[in-house]
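Start counting at 1 in the sequence shown, then tack on 4, and there's your number in the working numbering.
Glycine included, C-beta positions come from ideal geometry on N, C-alpha and C.
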Amino acid sequence: MNSITIFRKSALTVLILFFGIVSYAQTGKIAGTVSDKKTGETIIGATVRIKGTNKGVSTDVDGKYVLPIGDGKHTLEFSFIGYQTKEVSDVEVKSATTTSLNVILSESSGQNLGEVVVKASFRQESVNSLYAKQKNSAVISDGVSSDQIKKSPDRNTSDVLKRVSGATVQDNKFVVIRGLSDRYNNATLDGSSLPSTEPNRKAFSFDIVPSNLVDNLVISKTATPDLPADFTGGAIQINTKDIPDRNFISFGVGTGYNTESTFKDFKSGVRTATDYLGFDNGDKALPANFPSRTRISSGLTSAQQISAMRSLSQDWKIYNNTALPTQNYQFTLGRVKEFKESTNKFGALFSLTYRNAQTINNDVIRDYVNYDYHDNIYRFSTSLGALANFAYTYGKSKITFKNIYNRAYDDSYLTRDGFNSDRGRDIKFFAFDLMQKQLFKSTIEGNHALGENNSKINWSLSYANILNDQPDQKKISYQRNPSDAGTANYVYTASTGTLSKENSRLFSKLNEDNFSGGLNYTLPLKMFGQLATFKTGLSSIYRDRTFDARFVGFRANTGAPNADLISQRPLSTLYGADAINGGAYSLDDISADADSYNAHSLTNAGYLMLDNKFGEKSRLVWGVRVEQFNVVLDAKVPTPQTSVNDNYVDVLPSVNYTYSLTPKVNLRASYYRTLARPEFRELSSAAIYDYELLALQQGNPNLKEAKIDNADLRFEFFPEAGQILSVSGFYKKFHNAIESYNQDAGSTRIITYINSDKVDVYGVEFEFRKNLDFIAKTDFLKKTTFYTNLSLIKSKVQTANTGINLKETNRPMVGQAPYIVNAGLQHNFLGDRLSFNALYNRVGRRLVVAGGVLFPEIWEVPRDVVDLQLALKVIKNKGEIKFNAGDILGNRITQYYDIDVNKKYNRTSDETITSYKPGSNYSLSFSYTF
5 MNSITIFRKS ALTVLILFFG IVSYAQTGKI AGTVSDKKTG ETIIGATVRI
55 KGTNKGVSTD VDGKYVLPIG DGKHTLEFSF IGYQTKEVSD VEVKSATTTS
105 LNVILSESSG QNLGEVVVKA SFRQESVNSL YAKQKNSAVI SDGVSSDQIK
155 KSPDRNTSDV LKRVSGATVQ DNKFVVIRGL SDRYNNATLD GSSLPSTEPN
205 RKAFSFDIVP SNLVDNLVIS KTATPDLPAD FTGGAIQINT KDIPDRNFIS
255 FGVGTGYNTE STFKDFKSGV RTATDYLGFD NGDKALPANF PSRTRISSGL
305 TSAQQISAMR SLSQDWKIYN NTALPTQNYQ FTLGRVKEFK ESTNKFGALF
355 SLTYRNAQTI NNDVIRDYVN YDYHDNIYRF STSLGALANF AYTYGKSKIT
405 FKNIYNRAYD DSYLTRDGFN SDRGRDIKFF AFDLMQKQLF KSTIEGNHAL
455 GENNSKINWS LSYANILNDQ PDQKKISYQR NPSDAGTANY VYTASTGTLS
505 KENSRLFSKL NEDNFSGGLN YTLPLKMFGQ LATFKTGLSS IYRDRTFDAR
555 FVGFRANTGA PNADLISQRP LSTLYGADAI NGGAYSLDDI SADADSYNAH
605 SLTNAGYLML DNKFGEKSRL VWGVRVEQFN VVLDAKVPTP QTSVNDNYVD
655 VLPSVNYTYS LTPKVNLRAS YYRTLARPEF RELSSAAIYD YELLALQQGN
705 PNLKEAKIDN ADLRFEFFPE AGQILSVSGF YKKFHNAIES YNQDAGSTRI
755 ITYINSDKVD VYGVEFEFRK NLDFIAKTDF LKKTTFYTNL SLIKSKVQTA
805 NTGINLKETN RPMVGQAPYI VNAGLQHNFL GDRLSFNALY NRVGRRLVVA
855 GGVLFPEIWE VPRDVVDLQL ALKVIKNKGE IKFNAGDILG NRITQYYDID
905 VNKKYNRTSD ETITSYKPGS NYSLSFSYTF
C-alpha cells in the first residue's frame, strides 16, 4: 500500500513539473545582444524596455538580454548613458519561441543629441547589427553566429566549421586553414586551449559539441595580442552557450550507410558488449604482476616464463560478422531559472552524444620500393561525448562552469597479402590494434563589470586530462618462398624466430594533465577625442605528460620439439597453450630505454593591447605579447642524447589597421609574429613502429620552436548583411619551420622531424558570399546563396643548413597546399522549413613527408569532395529530418612517391605509399525539441 501511495505521489509530481514546464514554455521571448556601433564592444547595463510600459530588463556582463513578452508585434526601446536611444518596431513574437534581435547603439556627439531617438524596424536593425559585426572585427576573421547556426542544418561543430571561409575539416578533427595543415592551427574552447586528442599531431574532436550549444565560432586568420601565439593558419575559437533563452529538451537519432562498408563482411578480433559502450573489458590489459623488463632480461625460470606468457590474452581468432549501419544518438537538456526578486539568473545545459561506426578499407594498395602489398582494414569505432555547462549572473557579474568529456574507442584489424622483393618472400601479415582515447576538460570563468564605464575583468581556471590507452597491439607476419612452389615446403611459416617492433605486442599508455589560468582587464577610455579600448592580461599553461611503452613478445625456440610444425600453424593456434607449455616459445622484452618518457612544459604569457579610432574611418588594434616557454623531457632511462630542457622568451608584436572607405567597404593591413612549438612526441626519441606506414615514427630532441613573421592585406566589400566579397594577399616567413621527413639512410625507414632554415609562403585569397538575386529579382534567387573561397599559395623551403645531405634541398613546405577551393550553394524553401546545401572542397597536391637521403618526397593526391544536405522542419518546426550525402564522388585517398617527377600520380610509373577508397556516406537523422 505504501509503495502504491509513493508511486501516485511521484507520478503526480512529475505531471505537475511537466505541465509547469509546458506552460512556462508558452511565453514568447526576445533575446539578443546590445553593442557599440563603432567598436563592436558589447554594452553592459543597457536598458531594454517595451515602449509604453515599465516592463524591461538590463543587459548583463556580456551585453546580452532576454525579455519575456506576450504574442504579437511590439516596439522596443534601447538606451544607455552617452548613447542615442533607439526604438525598434515590428518585433514579432510567437508563443513558445524566442525572437532574436541584436541591436547597435551610436554614441551621442553633442549635448542635445542624447535626446534624439533613432528609429528602425526589426528587419532594418537585424541587418544593421549584422553589418556592424562584419565590419567591426579587429582582425581578418570569419565566423558563424548562433543565429546563423539556427538556420542551418548542421548537427555539430565539425559541420559548422565546414561553412567557415577558408577552412577544411578532415575526419572531423584535422583542420586545414589557408592551405596550412593542422600543425599551424590551434583551437580554444570557451577561452582556454582545447587539447589535442592525437598523440602525434594536433587534432581536435570538433564533432563532440552539438551545434545547438554553440554560441559562436570564429576563425582568426591574423593575430592580436590577446590571442595565443601558437598559430599561423588560423585560431579557432569556439564558445558554447551557458544560459539558454528558455527551458528545452531535445533528442536526435540517426543512421548511416557507407558504400564500401555497410552490410559487407566485417572481420575483427574478439568483440565484447562493453566495446559498444566505448570501454574495453580489461582482458587486453597488461597484467599488474607481469614481470618487468629488468626481470625478463635478468632471466626467468621456465615456470615463470610460461606463467607470464599465459597471463597475456591468447585469443588470436578472427571473427566474421556483418558491418552494421552507423548509429548516432544525441540528447540535450537546457534549464534557466530567473529570480523574480532580482535580475539574477541561473542556467544549465547538458548534452550526451553517442556514435558507433563499422568501416572497411578494402584493397589498400602499398606498392613501393620492396613492397607490393594489399591490405584490408576493419575498424570498429565507438565515441561518447558529454557536456555540462552551468552559469549564474548577478548584477554586472557572471560565473560559468563548463565541462566537456569525450571518449573514442577504435578497434582495428588488418590483414595483408603481398610480396617483399627484399626478402624474396610472399607475405601474410596480421595486426590487432585497440586505441582508447579520452578527453576531459573543465573550465570555471568569471566576468565582472567595474564602475560605470564598462570596464571589465575576466578570469578563468581550467583543467584538462588526456588519456590514450593502447592495451595490446598484436602483430604477426607469415612468409613463404615462391621458389618452393610445387614442393612440400611451399607453405607459410610464422616469422617468430626473431622479435622486432614489427612483430611484437605493444602495450602503451599516455596520460597528460593540463592546468591553465588567465586574467584579463578591459578599460574603455578616450584617446584623440575618440572612444578607445585598453586591454591587458596574463595567462599560464602547465602540461604534464607520462608515456609508457613496452614491446614484448614470444620468440620461437627453434630447437623445441615440433618447432617447424608449430610455426606452420594457423594464427588461431600458433600460440596455443600446448605450444607455450611445451617450451616452444621464450618471453622477450625489446623495449628501448627511450621508448617511455616523462615531459612537462610551462607557458607564461602577458600582453598589452590598444584599440584606437582615428576619425570616423580609421581603426588601429595594436600591441605586444610576450611568451615564456619551458619544455623538459626525459626518457625513463635518461641520457644526454634523449633529454630536452629548452627555454624561450619571445616578444610578439602585432598591428591590425582598418580603413573604412565607405559604410560597405573596408581596407585592412596587418603584421604579426607567431610561433609553432614542437609537440612532446616530436621531441621524444621513442621509436614506435607504424605497421600501416611500414616505418618507425621517432622524434628529434634537437628540434627548436619555429618563429613566423606574417603580413596581410585585404579588401572587403559587404553588398548586403551576411554577404561579402573580399580579396586578400598574405606573406609568411618561417624561421626553423618544423617538418617531417624520411630518415631513410638505414635499413628501416624512420619518419622524424627537422627544422628547415628558411621557408617563404605567399598567397592570395578570394572570398565571395552572395544571394543570387542580382541575376534576376525573383524570390527563389533571393533565397539562394552562393559562397566560395579560393586560396592560391606558393611556398619555398631551403634546407641547406640542416646538417643532413637531403635528396631535395629546394621544395614546397610540408603540409602546405598550393591551392584550396571551398564552394557551396544554399537554398531555403517553404518559408525556411526546407533547406538544401551543397558543398565542394578540393585541397591541392601537397607534400606529406619531405624526402630523405635515398627516397623522394611523399605527396598526397588532390581529391574532389562533394557533400549534399537536405533538411526539413516538421511538427510545427520543433522536429527536423536531415538527409546527408558525404563524399559522394568517393575519390581514392592516395599518397605516393613521384618517381617520374611530373607532379601527377600514375599508378604504373609512380610508387604508391597508400591508396584506398573511403566510400561515400549517406545518413538520415531525426531530431525533436520540446
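Given residue i as reference, the closest of the options once Cα atoms are compared
i, options, result
"F283", "D615, L829 and P475", "P475"
"Y920", "D367, R911 and P860", "D367"
"N845", "F423, V179 and N58", "V179"
"I369", "R420, K406 and K321", "R420"
"I181", "A239, F930, K271 and K288", "A239"
"Y467", "R547, A292 and T577", "R547"
"P860", "N881, R896, T813 and K882", "T813"
"T172", "G237, Y494, F790 and V636", "G237"
"Y377", "N472, Y695 and Q334", "Y695"
Beta bridge counterpart(s) of residue i as assigned by DSSP
i, result
"V179", "V173"
"G703", "Looking at the DSSP assignment, G703 forms no beta bridge with any residue, so it has no partner."
"T236", "Paired residues: none, contrary to the question."
"Q632", "N608 and V653"
"V853", "I862"
"S508", "Answer by DSSP bridge pairing: none, since S508 is not bridged."
"G890", "N925"
"R672", "T662 and R718"
"V869", "N845"
"G828", "Y791 and L843"
"F930", "V257 and I885"
8 Å Cβ cutoff met for residue i and residue j
i, j, result
"S674", "N660", "yes"
"S346", "I381", "no"
"K98", "G195", "no"
"T89", "G67", "no"
"A596", "A691", "yes"
"P229", "R629", "yes"
"D279", "F384", "yes"
"L671", "F719", "yes"
"S62", "G49", "yes"
"A827", "T792", "yes"
"R549", "A603", "yes"
"P682", "L700", "no"
"A749", "S689", "no"
"T643", "Q702", "no"
"A395", "I403", "yes"
"V65", "A352", "no"
"N740", "A710", "yes"
Alpha-carbon spacing of residue i relative to residue j, whole angstroms
i, j, result
"G587", "T562", "10 Å"
"G521", "L514", "23 Å"
"I892", "A842", "11 Å"
"F784", "V122", "33 Å"
"R12", "R339", "Unreliable placement is indicated for R12, whose pLDDT of 47 sits below 50; no coordinate value is reported for it."
"L316", "Q830", "55 Å"
"V610", "S197", "This sequence places Gly at residue 610; Val is not what is there. When rounded, the distance between both Cα atoms is 16 Å."
"N775", "L876", "21 Å"
"L527", "S760", "42 Å"
"I408", "D249", "21 Å"
"P723", "Y398", "40 Å"
"V70", "I242", "22 Å"
"G733", "S927", "39 Å"
"E449", "I470", "21 Å"
"G490", "A567", "23 Å"
"I917", "F551", "29 Å"
"N832", "K786", "10 Å"
Cutoff 8 Å: residue i Cβ touching any chain B Cβ
i, result
"I54", "The structure shown contains no chain B; it holds only a single protein chain."
Would you call the stretch 260-268 in contact with the stretch 324-342, where contact means no fewer than 3 C-beta pairs closer than 8 Å?
yes
Mind the definition here: the stretch 589-603 touches the stretch 556-575 only if three or more C-beta pairs lie below 8 Å; say whether that holds.
Yes, the stretch 589-603 touches the stretch 556-575.
Taking three-plus beta-carbon pairs below 8 Å as touching, is the stretch 429-447 in contact with the stretch 480-497?
yes
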